[in-house]
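Take the working numbering: the final residue in the sequence shown is number 710, and no numbers are missing along the way. For each residue, glycine too, the CB sits at the ideal point set by N, CA and C. Bear in mind the structure is a predicted one, so any value in this text is a computation, not a measurement. Here the structure is laid out as structure tokens; the discussion comes afterwards.
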Amino acid sequence: PDGMVKREDFDYVEEAVPEPGDGELLVQIQYISLDPAMRGWMNEGRSYVPPVGLGEVMRAGGVGRVVKSNHPEFAEGDHVTGIFGVQEYALSDGGGVFKVDTDLAPLPTFLGTLGMTGLTAYFGLLDVGEMKEGDTVVVSGAAGAVGMVAGQVAKIKGAGRVVGIAGGPEKCAFVVDELGFDACIDYKNDDIRGKLKEYCPDRVDVYFDNVGGDILDMVLLRLAHGARVVLCGAISQYNAAGGMKGPANYMMLLVNRARMQGFLVFDYASRYGQAAREMGGWLKEGKLKTREEVEHGLDAFPDALLKLFRGENTGKLVLAVNGD
Ligand code: NAP
Numbered sequence: 387p388d389g390m391v392k393r394e395d396f397d398y399v400e401e402a403v404p405e406p407g408d409g410e411l412l413v414q415i416q417y418i419s420l421d422p423a424m425r426g427w428m429n430e431g432r433s434y435v436p437p438v439g440l441g442e443v444m445r446a447g448g449v450g451r452v453v454k455s456n457h458p459e460f461a462e463g464d465h466v467t468g469i470f471g472v473q474e475y476a477l478s479d480g481g482g483v484f485k486v487d488t489d490l491a492p493l494p495t496f497l498g499t500l501g502m503t504g505l506t507a508y509f510g511l512l513d514v515g516e517m518k519e520g521d522t523v524v525v526s527g528a529a530g531a532v533g534m535v536a537g538q539v540a541k542i543k544g545a546g547r548v549v550g551i552a553g554g555p556e557k558c559a560f561v562v563d564e565l566g567f568d569a570c571i572d573y574k575n576d577d578i579r580g581k582l583k584e585y586c587p588d589r590v591d592v593y594f595d596n597v598g599g600d601i602l603d604m605v606l607l608r609l610a611h612g613a614r615v616v617l618c619g620a621i622s623q624y625n626a627a628g629g630m631k632g633p634a635n636y637m638m639l640l641v642n643r644a645r646m647q648g649f650l651v652f653d654y655a656s657r658y659g660q661a662a663r664e665m666g667g668w669l670k671e672g673k674l675k676t677r678e679e680v681e682h683g684l685d686a687f688p689d690a691l692l693k694l695f696r697g698e699n700t701g702k703l704v705l706a707v708n709g710d
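In structure tokens:
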């Protein structure tokens, strides 16, 4: 696709449910993860994963139930998460598939706060951002799946001040009143530069950037000495038909002896277990809040995906399939 994706970019195909071979399992998918990165996976060219080829099943994370298994580590009835695609059933060899404990949280949470987006927030903030107690932390996309967790983890780990940036008064109210951020800038209505000055009097030690574009440029103007800018994503640029726009104010990194570092959550796979256990504990204790929004039916996929780019979701957006 060029620019924004459209319904006509996808075909719906029905075929018989496959039988698992030796060492394989068959998963009945219950929830599919909707992620801004899906837009990038549809582009040609070099990236961190190969593009989804024409005619292939659209790549997607999912969570579901094992309905048949010839795999020694998975039994019928297990709930599992993995990259299963936008489809109702998936055949897997078990690679990248993890069991989930449904006593801990409902299934959609394993695609969000206890899944890929929560882990992204955790490692991005603590490892890449090297957040320390007392830091001023700013998070864009603050009412979304990654952002809501990044800001809460910052509070839990002792940040001095956590400021969100989100679109609209309802989202900002959610970020402050329900998630416990200290303040939230409504980038659609507020004077962003003025509010950054007001809410970050000691400047910004960690900027967790989910959006790129003009917001990144404005936060660069407010960096503290030795600041860390965590390049998690740039959703404002993903559908740009004329190419992405880079930051103009990057010399603020030099002035402030600051750094900006990109990262991919997949590089932390060996530590997922430890981080998920820690976050699961916070969730149980009520220190970490989560929110998921559920769309229904495979047929709703393209429109549901577009909600992310229109800012129509609060929290983690998932698609329920197979009658859930
Ligand atoms: P999300 O925040 O739940 O949903 C996307 C949100 O982005 C929307 O609700 C909207 O909120 C905001 N948005 C959309 N267009 C925007 C624009 N033009 N300017 C500013 N904000 C805009 O999505 P998510 O899954 O948590 O992903 C957040 C970011 O993390 C994305 O950039 C994604 O690619 C990235 N990510 C990176 C990794 C990694 O490993 N590096 C892993 C997962 C996700 P508003 O209403 O507030 O605008």
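Applying the 10 Å Cβ sphere with the 16-neighbour rule, what's the burial state of R663? exposed
For I418, I'd like the list of residues in its chain whose CB is within less than 7 Å of its CB, leaving aside the five on either flank, ordered along the chain. A446, G448, V472, V704, L705, V707
Reference E678; option with closest CA among D408, E430, G501: G501
Please report the distance separating the alpha-carbon of K541 from that of V548. 7 Å
Tell me whether N596, by its Cβ, gets closer than 8 Å to a heavy atom of the ligand NAP. yes
Spatial distance of G580 from G530 (CA atoms): 23 Å
As assigned by DSSP and simplified to three states, the class of D568: coil
Are V525 and Y593 close, meaning C-beta to C-beta below 9 Å? yes
Would you check if the distance between the CB atom of L565 and the CB atom of A661 is smaller than 9 Å? no
Heavy atom of the ligand NAP less than 8 Å from the Cβ of V467, yes or no? According to the sequence shown, residue 467 is Thr rather than Val. No; taking the cut-off as 8 Å, the Cβ of T467 has no heavy atom of the ligand NAP nearer than that.
Beta carbon of V524: closer than 8 Å to some heavy atom of the ligand NAP? no
In three-state terms, what does DSSP make of K543? coil
Could you give the residue range of the alpha helix (DSSP H) that holds K583? 578 to 585
Can you determine whether any heavy atom of the ligand NAP sits closer than 8 Å to the C-beta of K702, and answer yes or no? yes
Burial state of N429, where buried means 16 or more other Cβ atoms lie within 10 Å: exposed
One question on the structure: do S478 and V413 come within less than 9 Å of each other, judged by their Cβ atoms? yes
Using the Cβ count rule (16 or more neighbours within 10 Å means buried), how would you classify M630? exposed
Going by beta carbon distance, what residues of the same chain come within less than 7 Å of V651, once the five residues before and after it are set aside? M502, L505, T506, F509
Under 8 Å: do the segment 420 to 427 and the segment 679 to 698 share three or more Cβ pairs, one atom per stretch? yes
My output table needs one value for V523: the three-state DSSP class, helix, strand or coil. strand
For G599 and C570, believed in contact at Cβ under 8 Å, the rounded distance: About 18 Å; that fails the 8 Å criterion.
Reference M604, options G520, G697, P633, closest by Cα: P633
Let's test the definition: count the other Cβ atoms within 10 Å of the Cβ of N575 and tell me whether it reaches 16, buried, or not, exposed. exposed
DSSP beta-bridge partners of F594: V525, V616
Sorry if obvious, but does the Cβ on T503 come closer than 8 Å to a heavy atom of the ligand NAP? yes
Based on the DSSP secondary-structure assignment, which residues constitute the bridge partners of H682? A706
If you drop the 5 nearest sequence neighbours on each side, which residues of the same chain put their C-beta closer than 7 Å to that of N625? G389, M390, R425, F695
Can you tell me whether R608 is buried or exposed? The criterion is at least 16 other CB atoms within 10 Å of its CB, across all chains shown. buried
According to DSSP, is G666 helix, strand or coil? helix
Can you check whether the C-beta of L512 is within less than 9 Å of a C-beta belonging to chain D? No chain D appears in this structure, which consists of one protein chain only.
Exposed or buried, which one is V616 when buried takes at least 16 other CB atoms within 10 Å? buried
Please classify A461: is it buried, with 16 or more other beta-carbons within 10 angstroms of its beta-carbon, or exposed? exposed
May I have the straight-line CA-CA distance separating G648 from C618, to the nearest angstrom? 6 Å
For the candidate residues L582, P458, F484, Q416, whose alpha-carbon lies nearest to that of A655? F484
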